[in-house]
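Undergrad:
Numbering (this note's numbering), first residue to last: 19 to 308.
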């Protein structure tokens, strides 16, 4: 770690989130270049904590040359380790709940992989908006994790027919939206438990990419919508990013969303971190520290 950096934190995957600071002399380091302080004076001041998410990738670097339009300030009171776990997962939750399908208080919604990194934030956030939240998990050990993070109902989709269970919970009506980061294994069940004119939000491929969609057979009978959103479609401008990060950090500051870091790795443990991630041993937000 460069001596001018007070903090440099990166996510377990090593491709999304990093946190840096402008040092006390006004020097702003990112990438391998030292930028003149005047270049960022309009947006940042000496001592600001800076966070980013998404492209360009490379948060294992000691220095970065990073576009300022993709940077946000980390407010006072937000722990840097928490911020490192937040940026990708929290901003994903923001656009899912506020942009892709803006939920309303009183709605019952379904989220797959409820005990995962995004799922833990999503459950609390959706609950704060007044939703009844159904979550699915892949093992019994994850049920309590999901319940502790805001889910009203939790279904182990490897033991139960989650579509049938969702229809029971909703008195046969189905849910207006399914948020699905699992992919191939949950597609058909998700379509089955959607309400008329419901929306299938497919944003991940944990079990593999989606198979071909038979539109007349799968979507037409109930007039369903299927969308495949990505962060850059919703946070492509500085204004959009600032709006999203402000709301996200407010959820943390207010206590409506709480982050419990599952595990912390040292940088020399990065191989172990990747193996744990690929082996699904990481059951919550984790960080790699210098």
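Just so it is clear, CB atoms sit at the ideal spot from N, CA and C, and this is done for glycine as well. Predicted model, so just to flag it, every value in this text is computed and none were measured.
(1) In three-state DSSP terms, what is residue 4?
(2) Determine the burial state of residue 45: buried for a count of at least 16 other Cβ atoms within 10 Å of its Cβ, exposed for fewer.
(3) Does DSSP put residue 304 in a helix, in a strand, or in coil?
(4) In the structure shown, what three-state DSSP assignment does residue 153 receive?
(5) Taking residue 216 as the reference, give the member of 244, 134, 292, 164 with the closest Cα.
(6) Indicate whether the contact test is met: 3 or more Cβ pairs, each with one atom in the region 110-128 and one in the region 145-165, closer than 8 Å.
(7) Just the C-alpha distance for residue 155 and residue 139, rounded to the nearest angstrom, thanks.
(8) Quick check: what's the CA-CA separation for residue 145 versus residue 285?
(9) Could you give the DSSP three-state label for residue 293: helix, strand or coil?
(10) Which of the three DSSP states is assigned to residue 147 in this structure?
(11) Using only the alpha-carbon positions, how far apart do residue 72 and residue 221 sit?
(12) In whole angstroms, give me the CA-to-CA distance for residue 134 and residue 281.
TA: Let's see:
(1) Lying before the first or after the last residue shown, residue 4 is absent from the chain, which here runs from 19 to 308.
(2) Reading the chain shown from its first residue, position 27 is the one you call residue 45. Any reading at residue 45 must be qualified, since the residue scores a pLDDT of 36, below 50, and its modelled position is unreliable; no value is offered.
(3) The count along the chain shown starts at 1 and reaches residue 304 at position 286. Strand.
(4) Position 135 of the chain shown, counted from the first residue, corresponds to residue 153. It is a strand residue.
(5) Counting from one through the chain shown, the residue named residue 216 turns up at place 198. Out of 244, 134, 292, 164, 244 has the C-alpha closest to the C-alpha of residue 216.
(6) When Cβ pairs closer than 8 Å are counted between the two stretches, the region 110-128 is seen to touch the region 145-165, the count reaching three or more.
(7) Taking the first residue of the chain shown as position 1, residue 155 is located at position 137. Taking the first residue of the chain shown as position 1, residue 139 is located at position 121. Straight across, the Cα-Cα distance linking residue 155 with residue 139 is about 15 Å.
(8) Along the chain shown, read from residue 1 onward, the residue named residue 145 stands at position 127. Along the chain shown, read from residue 1 onward, the residue named residue 285 stands at position 267. Spanning the two alpha carbons is a distance of roughly 35 Å.
(9) Translated into positions along the chain shown, residue 293 becomes position 275. Residue state, collapsed to three classes: helix.
(10) Counted from its first residue, the chain shown places residue 147 at position 129. If DSSP states are grouped into helix, strand and coil, residue 147 belongs with coil.
(11) Here residue 72 is taken as the residue at index 54 of the chain shown, counted from 1. Here residue 221 is taken as the residue at index 203 of the chain shown, counted from 1. If you take the alpha carbons of residue 72 and residue 221, they lie about 15 Å apart.
(12) Translated into positions along the chain shown, residue 134 becomes position 116. Translated into positions along the chain shown, residue 281 becomes position 263. Each residue's Cα considered, the two are about 14 Å apart.
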